[in-house]
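A.B. asks: Residue numbers (my numbering): 4 to 651.
A virtual CB, placed ideally from N, CA and C, is assigned to each residue, including glycine.
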């Protein structure tokens with residue numbers, strides 16, 4: 004059955020895909036461009052429901068035909084993109100084994116139509132995924148749409164047996180459940196709210212509801228006003244929302260209602276020539292969406308900064324690949340598939356099983372390869388899984404470090420995730436000094452005794468108390484007082500910390516203008532507590548923040564000394580205020596030891612992402628344990644061991 008062509012939908016598709024692309028290119032104006040995905044959800048809900056409704060009325064609907072058309076529409080471009088990505092990022096790439104392993108797992112999730120669930124689980128783990136080098140990250144929305152397609156036709160068929168009133172009640176119930184879950188989970192569990200169908204299905208139902216609205220013929224002036232109003236709302240939200248906005252929740256609700264208003268009120272005269280380029284962009288919006296993110300990832304992987312020139316190249320390349328995919332793959336494939344039986348088996352299930360089979364073989368090969376490599380060089384292992392941090396059930400075996408043959412624990416490492424990432428550095432120094440150490444670290448919890456921490460709320464922009472901060476530090480205080488440590492080391496994300504957080508002496512009425520003063524007060528209290536308990540205080544000057552360089556840059560190039568670096572001046576400027584604070588603390592407390600390994604990572608002019616062929620960073624902030632170990636070895640060679648040269 005030939006479907007009615009709806010040109011205004013193609014224009015909305017074109018707008019949506021460019022919003023997403025501009026957002027992924029970090030174009031500042033479109034900080035909320037991710038709403039383009041929500042527009043696609045509304046379009047899908049509308050078109051699927053409209054087509055099913057028409058076919059049911061004509062007694063022509065069947066679930067088999069519905070899913071066959073979905074395969075014909077989506078599979079050709081989808082599998083083309085996956086195959087090309089697999090060759091580029093798998094066969095011919097400079098990816099390291101851990102990245103290939105992640106890619107193959109995401110590939111299985113993509114063809115299995117559950118990559119949104121895979122990402123939800125991965126992103127819930129602190130360091131599990133690096134989004135900027137994950138080629139199939141954007142497929143989450145396609146998986147979510149396919150999950151909707153699996154459920155909606157059957158539910159809709161059941162609804163046809165009931166009255167219009169029952170249908171309306173059903174829509175209201177589904178909408179209410181989904182929106183309520185989206186509203187609360189966007190606050191309590193934003194990752195699940197973003198990626199899971201339950202928090203998004205209300206967006207599809209808004210699109211589906213348009214089908215059942217009475218048809219109103221608007222006057223041209225009124226239609227123009229309503230269309231303009233809906234597009235202005237979409238544009239406004241695409242420029243004002245950002246990664247810290249509550250989402251989906253009520254923000255998505257506004258976007259979806261605006262998109263629905265556009266769909267319901269707008270008509271386009273296709274005879275007007277200047278609409279044609281925009282209509283064509285709508286037709287190729289699906290392959291544009293598929294191609295744009297892998298292209299961006301290719302630049303990220305090779306540490307190519309997305310300046311204006313590169314952004315233009317991304318857009319042009321996306322358009323070229325989308326046009327070729329639409330004209331040379333999608334159109335011919337759809338004609339070809341029409342003449343075949345068992346479309347779902349041949350063109351979806353079979354390629355899916357082949358991809359899964361090959362991916363499983365690859366994953367097992369990489370697993371065996373990793374086990375073999377572990378016997379030869381234990382500090383360059385790609386496996387750098389996080390240990391010890393955010394644990395309350397101390398003592399824990401994974402939290403011990405240094406010379407484990409010693410009976411007494413003489414060294415304590417305290418701090419946040421940066422301190423945890425620097426444990427390799429401390430481990431090397433402690434082993435060399437024949438000291439057994441222990442680590443107590445908590446995410447976003449620098450050791451500041453008797454201080455409360457507040458952070459900006461994602462949903463109200465007010466200051467929310469971090470309820471775990473002071474109890475975590477109280478446990479550390481108790482540990483200090485109950486043991487006889489020789490050294491207590493403070494690590495953390497120190498630079499600009501009092502700007503990222505607001506510190507207070509009480510749980511009420513925090514004052515941002517006092518935050519820095521109280522941050523310094525907390526550091527003073529920590530040092531004094533250490534001294535009072537007959538230990539030597541040590542502070543680790545935080546590692547440089549990686550700027551514009553991929554974490555595995557040195558593994559991808561033969562000239563890392565030219566590519567895997569950023570200006571030392573940028574680091575010095577970033578740390579300038581913190582260094583002044585550190586110098587003041589050193590003057591006030593002469594016994595304070597400052598461990599500064601900046602000169603190990605940086606020369607006079609540049610800072611590097613690697614050391615002795617070992618990648619130093621897990622992400623742009625945190626060191627890998629392997630990199631941290633390597634820094635420790637070089638520090639000993641250059642400066643000796645301060646843990647040996649100080650006696651209590």
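Suppose contacts are defined by Cβ-Cβ distances below 8 Å. Is residue 151 in contact with residue 47 by that definition?
C.D. replies: Stepping through the chain shown from its first residue, residue 151 is reached at position 148. Stepping through the chain shown from its first residue, residue 47 is reached at position 44. Yes. Within cutoff.
A.B. asks: The alpha helix (DSSP H) spanning residue 637 covers which residue range?
C.D. replies: Against the chain shown, residue 637 aligns to sequence position 634. Looking at the DSSP string, the run of the alpha helix (DSSP H) that includes residue 637 is 628 to 642.
A.B. asks: Could you say which of 538, 30, 66, 76 lies nearest to residue 340 if we only look at CA atoms?
C.D. replies: Position 337 of the chain shown, counted from the first residue, corresponds to residue 340. Taking only the C-alpha atoms, the option nearest residue 340 is 76.
A.B. asks: Would you give the residue range spanned by the beta strand (DSSP E) that residue 467 belongs to?
C.D. replies: For the purposes of this step, residue 467 is taken as residue 464 along the chain shown, with counting starting at 1. Element bounds for residue 467: 466 to 468.
A.B. asks: Could you spell out where the alpha helix (DSSP H) holding residue 266 opens and where it closes?
C.D. replies: Sequence index remark: in the chain shown, residue 266 carries index 263 (1-based). Start and end: 252 to 268.
A.B. asks: Report yes if the C-beta distance between residue 595 and residue 431 is below 8 Å; otherwise report no.
C.D. replies: Within the chain shown, residue 595 is the residue found at index 592, counting from 1. Within the chain shown, residue 431 is the residue found at index 428, counting from 1. No.
A.B. asks: Taking only three categories from DSSP, how would you classify residue 199?
C.D. replies: Taking the first residue of the chain shown as position 1, residue 199 is located at position 196. Residue 199 falls in the coil class under three-state DSSP.
A.B. asks: When you compare only the Cα positions, how much space is there between residue 282 and residue 245?
C.D. replies: Indexing the chain shown from 1 puts residue 282 at position 279. Indexing the chain shown from 1 puts residue 245 at position 242. Answer to the nearest angstrom: the Cα atoms are 28 Å apart.
A.B. asks: Tell me, please, which residues DSSP counts as bridged to residue 597.
C.D. replies: Walking along the chain shown from the start, residue 597 turns up at place 594. In DSSP, residue 597 forms a bridge with 542.
A.B. asks: DSSP state of residue 286, grouped into three classes?
C.D. replies: In the chain shown, residue 286 corresponds to position 283, counting from 1. Here residue 286 sits in helix by DSSP.
A.B. asks: What does the Cβ neighbour count give for residue 444, buried or exposed, with the cut at 16 atoms within 10 Å?
C.D. replies: Locating residue 444 in the chain shown gives position 441, counting from the first residue. When all chains shown are included, residue 444 counts as buried.
A.B. asks: Would you list, in sequence order, the uninterrupted alpha helix (DSSP H) runs of no fewer than 4 residues that lie entirely inside the region 182 to 242?
C.D. replies: With a minimum length of 4 residues, the continuous alpha helix (DSSP H) runs that stay inside the region 182 to 242 are 193 to 198, 204 to 212.
A.B. asks: Roughly how many angstroms separate the alpha carbons of residue 189 and residue 406, rounded to a whole number?
C.D. replies: As a working mapping, residue 189 is identified with position 186 in the chain shown. As a working mapping, residue 406 is identified with position 403 in the chain shown. Whole-angstrom Cα-Cα distance: 45 Å.
A.B. asks: Mapping the DSSP letters down to three states, classify residue 405 as helix, strand or coil.
C.D. replies: By one-based count along the chain shown, residue 405 stands at place 402. Strand, per DSSP.
A.B. asks: Locate the beta strand (DSSP E) running through residue 570, then write down its first and last residues.
C.D. replies: For this step, residue 570 is matched to residue 567 along the chain shown. Residues 568 to 570.
A.B. asks: When burial is assigned at 16 or more other CB atoms within 10 Å of the CB, is residue 470 buried or exposed?
C.D. replies: Translated into positions along the chain shown, residue 470 becomes position 467. Its Cβ having fewer than 16 others within 10 Å, residue 470 is exposed.
A.B. asks: Can the beta-carbon of residue 411 be found closer than 8 Å to that of residue 372?
C.D. replies: To locate residue 411, count along the chain shown from 1; it is residue 408. To locate residue 372, count along the chain shown from 1; it is residue 369. No, the Cβ-Cβ distance between residue 411 and residue 372 is not below 8 Å.
A.B. asks: For residue 503, is the classification buried or exposed, using 16 other Cβ atoms within 10 angstroms of its Cβ as the cut-off for buried?
C.D. replies: Translated into positions along the chain shown, residue 503 becomes position 500. Exposed.
A.B. asks: Counting only beta-carbon atoms, is residue 423 nearer than 8 Å to chain C?
C.D. replies: The chain labelled as chain C is not found in the depicted structure, where only one protein chain is given.
A.B. asks: Any contact of the region 291 to 307 with the region 59 to 71, i.e. 3+ C-beta pairs under 8 Å?
C.D. replies: Result no; under three Cβ-Cβ pairs closer than 8 Å.
A.B. asks: Please go through the region 306 to 330 and give each complete alpha helix (DSSP H) segment of 4 or more residues, from N-terminal end onward.
C.D. replies: The region 306 to 330 contains these whole alpha helix (DSSP H) runs: 311 to 327.
A.B. asks: Would you list the residues sitting across from residue 614 in a DSSP beta bridge?
C.D. replies: Locating residue 614 in the chain shown gives position 611, counting from the first residue. According to DSSP, which records beta bridges pairwise, residue 614 is partnered with 617.
A.B. asks: Is it a yes or a no for the region 250 to 257 touching the region 179 to 198, going by three-plus beta-carbon pairs under 8 Å?
C.D. replies: Enough Cβ pairs lie closer than 8 Å, so yes.
A.B. asks: Measure the CB-CB distance between residue 543 and residue 598 and report whether it falls below 8 Å.
C.D. replies: Counting from 1 along the chain shown, the entry for residue 543 is found at position 540. Counting from 1 along the chain shown, the entry for residue 598 is found at position 595. For residue 543 and residue 598, yes; Cβs fall inside 8 Å.
A.B. asks: Name the two residues that bound the continuous alpha helix (DSSP H) containing residue 429.
C.D. replies: The sequence position of residue 429 within the chain shown is 426, counting from 1. Run containing residue 429: 426 to 435, per the alpha helix (DSSP H) assignment.
A.B. asks: Check whether the Cβ atoms of residue 536 and residue 483 lie closer than 8 Å to each other.
C.D. replies: Locating residue 536 in the chain shown gives position 533, counting from the first residue. Locating residue 483 in the chain shown gives position 480, counting from the first residue. Yes, the Cβ-Cβ distance between residue 536 and residue 483 is below 8 Å.
A.B. asks: Hey, residue 295 and residue 321 are a contact pair by Cβ (cut 8 Å); roughly how many whole angstroms apart?
C.D. replies: Your numbering for residue 295 matches position 292 in the chain shown. Your numbering for residue 321 matches position 318 in the chain shown. The pair is a contact, with the Cβ atoms about 4 Å apart (cut-off 8 Å).
A.B. asks: Can you tell me whether residue 224 is buried or exposed? The criterion is at least 16 other CB atoms within 10 Å of its CB, across all chains shown.
C.D. replies: Taking the chain shown and counting its residues from 1, the one referred to as residue 224 is at position 221. Under this definition residue 224 is an exposed residue.
A.B. asks: Check the DSSP bridge columns for residue 368 and list the partner residues they point to.
C.D. replies: Working through the chain shown from its first residue, we reach residue 368 at position 365. Answer by DSSP bridge pairing: none, since residue 368 is not bridged.
A.B. asks: Considering only residues of the same chain and omitting the five flanking positions on each side of residue 386, which have a CB-CB separation below 6 Å?
C.D. replies: Within the chain shown, residue 386 is the residue found at index 383, counting from 1. Unreliable positioning characterises residue 386 in this predicted model, as indicated by a pLDDT of 44, which lies under 50. A coordinate reading is not provided.
A.B. asks: Can you tell me the Cα-Cα spacing of residue 163 and residue 148, whole angstroms?
C.D. replies: On the chain shown, position 160 is the one that residue 163 refers to. On the chain shown, position 145 is the one that residue 148 refers to. Taking the straight line joining both Cα atoms gives about 22 Å.
A.B. asks: Using the three-state DSSP reduction, which class does residue 15 fall into: helix, strand or coil?
C.D. replies: Counting from one through the chain shown, the residue named residue 15 turns up at place 12. Of the three classes helix, strand and coil, the one that applies to residue 15 here is helix, per DSSP.
A.B. asks: Within the chosen definition, does the region 499 to 514 reach the region 446 to 465 through at least 3 CB pairs nearer than 8 Å?
C.D. replies: As far as the Cβ criterion goes, the region 499 to 514 touches the region 446 to 465, which means the pair count is three or higher.
A.B. asks: Go through its chain and collect everything with a Cβ distance to residue 169's Cβ below 8 Å, but skip five positions before and after it.
C.D. replies: Reading the chain shown from its first residue, position 166 is the one you call residue 169. Hits under 8 Å: 162.
A.B. asks: Would you list the one or two residues that DSSP bridges to residue 505?
C.D. replies: Residue numbering aside, residue 505 sits at position 502 when the chain shown is read from its first letter. Its beta-bridge partners are 457.
A.B. asks: Which of helix, strand or coil does DSSP assign to residue 471?
C.D. replies: By one-based count along the chain shown, residue 471 stands at place 468. Correct three-state label for residue 471: coil.
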